[in-house]
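This report refers to the structure that appears directly beneath it.
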Amino acid sequence: MPGTGPDGRPRPDAPLAAVTGVTGYVGGRLVPELLAAGYRVRALARHPERLRGRPWYDDVEVVEADASDLDALRPALAGADVAYYLIHSLGSGRRFEQRDRRTALAFARAAREAAVGRIVYLGGLHPEGEELSPHLASRTEVGEILLASGVPTTVLRAAVVLGSGSASFEMMRYLTERLPAMTVPTWVDNRIQPIAVRDVLRYLVGAASMPADVSRAFDIGGPDVLTYREMMQRYAAISDLPRRVIVGVPVLTPRLSSHWVSLVTPVPGGLARPLVESLVHEVVCDEHDVAAYVPDPPEGLVGFDRAVRLALARIGEASVATRWSSAAVPGAPSDPLPSDPDWAGGSLYVDERRVEVAASPAALWRVLEAVGGERGWFSWSLAWRVRGLLDRVVGGPGLRRGRRDPHRLRVDDAVDFWRVEALEPGRLLRLRAEMRLPGLAWLELRVEPVDGRAPGPGHADHADDAAAWARPPTVFAQRALFHPHGLAGQLYWWSVYPFHGVVFGGMQRNIARAAETAERARTDVAPDAGGRP
72 MPGTGPDGRP RPDAPLAAVT GVTGYVGGRL VPELLAAGYR VRALARHPER LRGRPWYDDV
132 EVVEADASDL DALRPALAGA DVAYYLIHSL GSGRRFEQRD RRTALAFARA AREAAVGRIV
192 YLGGLHPEGE ELSPHLASRT EVGEILLASG VPTTVLRAAV VLGSGSASFE MMRYLTERLP
252 AMTVPTWVDN RIQPIAVRDV LRYLVGAASM PADVSRAFDI GGPDVLTYRE MMQRYAAISD
312 LPRRVIVGVP VLTPRLSSHW VSLVTPVPGG LARPLVESLV HEVVCDEHDV AAYVPDPPEG
372 LVGFDRAVRL ALARIGEASV ATRWSSAAVP GAPSDPLPSD PDWAGGSLYV DERRVEVAAS
432 PAALWRVLEA VGGERGWFSW SLAWRVRGLL DRVVGGPGLR RGRRDPHRLR VDDAVDFWRV
492 EALEPGRLLR LRAEMRLPGL AWLELRVEPV DGRAPGPGHA DHADDAAAWA RPPTVFAQRA
552 LFHPHGLAGQ LYWWSVYPFH GVVFGGMQRN IARAAETAER ARTDVAPDAG GRP
C-alpha cells in the first residue's frame, strides 16, 4: 500500500509508479499527485534534462527512455508496480496512427516482460457503433493494444478536460472571450460530458490500486452533460461577459473549423483539428462503474461551473502547473546548442551584441525572465507578429502559445514559438526556436559583470563579488544563432540578416532601457515591452 514516512515523502517500500508523458499536460500534474498519495515515482523522458525545473524533480527517479524503444523501456519499467501510459500523437501530423500503434505495442510488450503490475492509460471517450475521427480511432486502438498486453490494464476514457492550461479549456475560453457573436458548426449542439482535470487525476491515482483481476475500460466524466453552445454561454456568464450570439451553420467542416479556431485562439491548427473532430461525436458516459474502485469524493465530482472558476483562479494567480504547450511541438528541433568552440557540424551563424546597462543584474534579469507572451519581445512588434502569423500558416506554433507564467520561467517552458533550453537564474536564458525553419535557431540572453569576472560563490579572490553583483552597471549580452540546413537554410539566414539591426538591435536597446527603468523604480513588478514598470 502507498504511504509516506515521517519526512512526508513516500516510504522506501512504497509501490513504484513509472510515468510516461511527464513533460505533457496531464503527466506533469500526475507526478506530484502520486507523490502526495505515497507512491514512489520513476519519471520516463526522452530528454531528462528538461525536467530539472519541475518542483518535484528532486523527489523522483528520472530515467532516460523513449517510449517506442523496447530495449530502453525494459529496464525503465523494471520493478514498477504500475506504469502510466500518457502518450499520444495529438496534432503531430501525418502517420500519427502508425506512431501511436508502434509505441503502444512496444510499451505493452516491455510492460509484460518487465512484470509490471498494472498499466493505466488515459484515452478518449467515444460513442459505440459510429465511425470515429482518426484521432479518436487511434486512441481507441491504443487502449485495445494495452488491454491485450497480458498485463492488467485500466483504460480511462474522458471527453473534454477542464483545467487551467488544457487545450480544450483554452479553445473554449478564447472563442468565448474574443467573439461576442460567431457562426459555428452544427456540432456545437452535440452533448458533451466534460470532466475537471482534478477528477481526472484522482481517477488516475486511484486506478493504480485496482484489484489484479480488473482489466477493462471505464468511462469518466463530470456531473454535467452540456452542449458546446451551453458551455460557452455558461463560461461567458461566469466571466461576467454578455451573452454570446452563436449561430450554427452546416457548411463548416472540421477542417474549416480547425482553421477558424487556429485564427481566433492560441491553439494551432494541427492541434485544433483533432479536438474539433472529437466534438463531432456526442461524448457522454454510458456507465459509472469506476466508482466501485475509485469512489466519488464526499463533496461530489467537480461540476462545470466550479471547474471553470478554479481554472480562471489559477490563471489569475499565475499558478498554472502545466499547459497544453508543455509538450514539445511534434517535429520541432530538439538538438541542443553546439557549445564546443571547434564544433564541426557545419555553418553556425551568430549575431552577437553586448551593451553596458545602468542597472543591477537583478533588475536586468527580472526583465529578461519576463520576455514573450503578453509583454512582447521589446522590439519591432509588427515584425514579430508577421513572423508569428507566417509560422502558423505553415503549421508552426506562432506567437499565441504565450507563457505558462508571466514572471517566472523553467527549463522546457514554451515561450511563444521558442522553448527554454537552458536557464541559470540571474545569469542565462537560452531559447530554442520551435518555429518552422530550414535549420536550427537559438536566442541567448546573458547577464554579465562589467569586468568579465564570474561573481558569486566559489570565487574567494573577490570577497566583494556578491555585493558587486547586486549593483549597477551590468553587461547585457545577446546572441542569435542559426545552424542552416542546406541551401534553403543559407538563403533564409541572408534574407533576414538585414533586419537583425532593427529586430535584435531594437530588442537589446529596449531591454536595457526597461532594466534601467526598473532599477530606478525599485519595483518588484517587471516592466512591460515598452520599458514601463
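Residues 72 to 604, numbered by the numbering used here, are exactly what the sequence shown covers, in order.
By construction, the Cβ of each residue, glycine as well, lies at the ideal position given by its N, Cα and C atoms.
Assigned with DSSP and collapsed to three states, P520 falls in coil, not helix or strand.
Counting only runs of 3+ residues, the beta strand (DSSP E) found wholly inside the region 455 to 523 occupies 489 to 495, 499 to 504 and 510 to 519, in chain order. Within a 10 Å sphere around the beta-carbon of R173 sit fewer than 16 other beta-carbons, which makes this residue exposed. In the DSSP annotation of this structure, the continuous segment of the beta strand (DSSP E) that includes Q549 starts and ends at T545 to P555. Between V131 and V153, the C-beta spacing is not below 8 Å.
In the structure shown, the three-state DSSP call for V573 is helix.
Taking the Cα positions, Y96 is about 14 Å away from R474.
According to the DSSP assignment, P256 belongs to the beta strand (DSSP E) that extends over A252 to P256.
Each residue's CA atom was taken as its position, placing A551 and L419 some 10 Å apart. Straight-line measurement puts the Cα of V438 at about 10 Å from the Cα of T588.
If you look at T336, you'll find it isn't in any alpha helix (DSSP H); DSSP assigns it neither H nor E.
With fewer than 16 other Cβ atoms inside 10 Å of its own Cβ, V457 counts as exposed. With fewer than three CB-CB distances shorter than 8 Å, the region 239 to 250 does not count as touching the region 195 to 210.
For E212, there is no enclosing beta strand (DSSP E); the enclosing alpha helix (DSSP H) covers residues P205 to L218. Rounded to whole angstroms, the gap between the alpha carbons of V93 and I158 is 9 Å. Each of D129, Y563 and R111 was checked against the Cα of P119, and the nearest Cα belongs to D129.
Following the DSSP letters along the chain, one finds E427 inside the beta strand (DSSP E) bounded by residues Y420 to V428. The alpha-carbon of L460 is positioned some 20 Å away from that of A238.
For the options G221, L144 and S431, the alpha carbon positioned closest to that of D284 is the one of G221.
Residue pairing of A116 in beta bridges, as defined by DSSP: E135. With respect to the 8 Å criterion, C356 and D295 are not classified as neighbours on the basis of their beta carbons. Contact annotation: V482 and L502 have beta-carbon atoms that are not nearer than 8 Å. The region 303 to 321 makes no contact with the region 133 to 146; the number of CB pairs closer than 8 Å stays below 3. For V365, no pairing in a beta bridge is given by DSSP.
Counted as a single uninterrupted DSSP element, the beta strand (DSSP E) harbouring F289 occupies residues R287 to D290. Burial is judged here by how many other beta carbons sit within 10 angstroms of a residue's own beta carbon; P73 has at least 16 and is buried.
In the DSSP annotation of this structure, R446 is not part of any alpha helix (DSSP H), being labelled neither H nor E. Closest in C-alpha terms to W436, from the list W451, R479 and P468, comes R479. Excluding sequence positions up to five before and after P337, its CB lies within less than 7 Å of the CB of E241, Y245, R471, R472 and G473, all in the same chain and listed in chain order. Taking 8 Å as the cut-off, the Cβ atoms of D376 and R305 count as close. Where Y568 is concerned, there is no enclosing beta strand (DSSP E), because DSSP gives it neither an H nor an E.
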